[in-house]
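Numbering (mature numbering (1 follows the signal peptide of the UniProt record, and there is no 0)), first residue to last: -29 to -1, 1 to 495.
Cβ coordinates follow ideal geometry from the N, Cα and C atoms, glycine included.
These figures come from a predicted structure and were not determined experimentally.
What follows is a short report on a single structure.
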């Protein structure tokens, strides 16, 4: 997933962590029951429901809940809101809240508490402007204890979908003490040790079904190989997610060794964005040639071990408004080379890199240095494109530098995976208008960029289904024909478990792990 704005300072996170540790003796009554041991590369963070990195989304989803919930079937269901009504003009959403819900600190969840959370988001609109609903929301009302009303500046069709997202529109107790996150979810954090673990226990106030596990111990294991070894040694019972928790090769090896494994349905798109505003990728012929010169299926077979289906468009056809019959770029290196020749990017006798007017056809590919998968993919892309005379300069950077390069457009190509449901396509497309994202910087060289941004604004405010579909067709067709992206595969989540865990399911998005549905395996 591309970086969302709003990184917290590590010093503040450290102070919050110490406060959380001081509050470690949480109610032992909540801890009765077996323990599930999971792992994650880093600590869960301060667990601010409105916070971004270092807050980890799997943990935010454990603690905080939405008004409506996105399901694996692609629909929305009532959650903290039992029902809702939308005004005829599409500008007012009135929610009837579930009665009897309490935050883990005992504070009642009601309309004033919900309004306080949403008002806190509106007070920091700049930070959350990537989410169109935040900039569209005019004000929030709480006319009755269990009635919450959202008044928009103009109609915004994805309102309910964005309310279902993991952040920033979920709810924390207005009475929560610093360092002691309190949500309405099935879990609450009882203890955290920096670099070691986060321990979550059942929320004794939870309004829904009681989880079978009394606690979830999340061990901090940064290295994927070490995580796999911990599973084999019995120190971890479950590895699950879509963030490279283990490599594809390790997943296949564990599967072959008899561990229970599973793959989710496709959730998002693994893709690279190409900078249309600088360097060789400003030339459409170069971008199109890159799409035709990369053997995606070979990459999937060799690097991803066949675990992800091939992607030929920015969004999978099962995403809303994305099934529009776009013609895939064929794998045809000879055709790509001929197109480069025709565009003036030629190979001099004895040269290995093409040039045009003295400019070499060299492109900097930026990737996250700590990601073994991105490194492997980058190296294969480098080799594939060298065959047609394109030199790829690999640039491994740490996370902070990656975010800066995305923001500043300091890249030729950069990994820019989509966010998956319920973010795709509307949230992802919406973010293309803001300079803090790689997509905006990648598209800024397009002569049609202003028109694209205008169309994005129109599609998000459209109340006419046919007009909305036509606007999406224009946006997605333009991006495809302009070859702004190199889609590779559709991301899947993986799951590997020991026999001690049963009823393991995937979440409905890339970012949640439904621990509350899992149970210890019963004896024969």
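Rounded to the nearest whole angstrom, the C-alpha separation of residue 149 and residue 130 is 30 Å. Separation of the CB atoms of residue 100 and residue 405 is rounded to 6 Å, and the pair is thereby assigned contact status at 8 Å. Contact between the region 245 to 263 and the region 446 to 458 is established, with three or more Cβ pairs separated by less than 8 Å. Annotated three-state conformation of residue 189 is strand, per DSSP. Inclusion of residue 144 and residue 65 in the CB contact set at 8 Å is not warranted, their separation being larger than that value. For residue 308, the number of other beta carbons within 10 angstroms of its own is at least 16, and it is reported as buried.
DSSP, reduced to helix, strand and coil, places residue 208 outside both helices and strands of the structure shown, so it counts as coil. For residue 454, the secondary structure class from DSSP, reduced to helix, strand or coil, is coil. Excluding five sequence positions before and after residue 343, the CB atoms of its chain that fall closer than 8 Å to its own CB belong to 195, 215 and 218, given in chain order.
Cβ-Cβ distances below 7 Å link residue 134 to 37, 38, 39 and 140 in the same chain, with the five nearest sequence neighbours on each side left out; the list follows chain order.
Distances from the alpha-carbon of residue 92 to those of 173, 284, 23 and 262 put 23 closest. In this chain, the alpha helix (DSSP H) harbouring residue 378 covers 370 to 379. When DSSP assignments are scanned along the region 411 to 488, the uninterrupted stretches of alpha helix (DSSP H) that are 4 or more residues long and fall wholly within it turn out to be 420 to 432 and 436 to 452. Per the coordinates, the alpha-carbon of residue 437 lies some 11 Å from the alpha-carbon of residue 444. By the Cβ-count criterion, residue 170 is buried, with 16 or more other Cβ atoms from all chains shown falling within 10 Å of its own Cβ. In terms of CA proximity to residue 467, 201 leads the group 375, 162, 244 and 201. The alpha-carbon separation between residue 271 and residue 278 amounts to approximately 7 Å. Assignment of residue 343 by DSSP, reduced to helix, strand and coil, places it in the helix class. Distance from the Cα of residue 416 is smallest, within the candidate group 380, 366 and 88, for 380.
Between residue 234 and residue 463, the C-beta gap is smaller than 8 Å, which places the two residues in contact. Annotated three-state conformation of residue 306 is helix, per DSSP. At a Cβ-Cβ threshold of 8 Å, residue 35 and residue 156 count as neighbours. Within the same chain, Cβ atoms closer than 6 Å to the Cβ of residue 110 are found at 122, the five residues on either side in sequence being excluded.
Comparing C-alpha distances from residue 475 to each of 482, 486 and 481 shows the shortest one belongs to 486.
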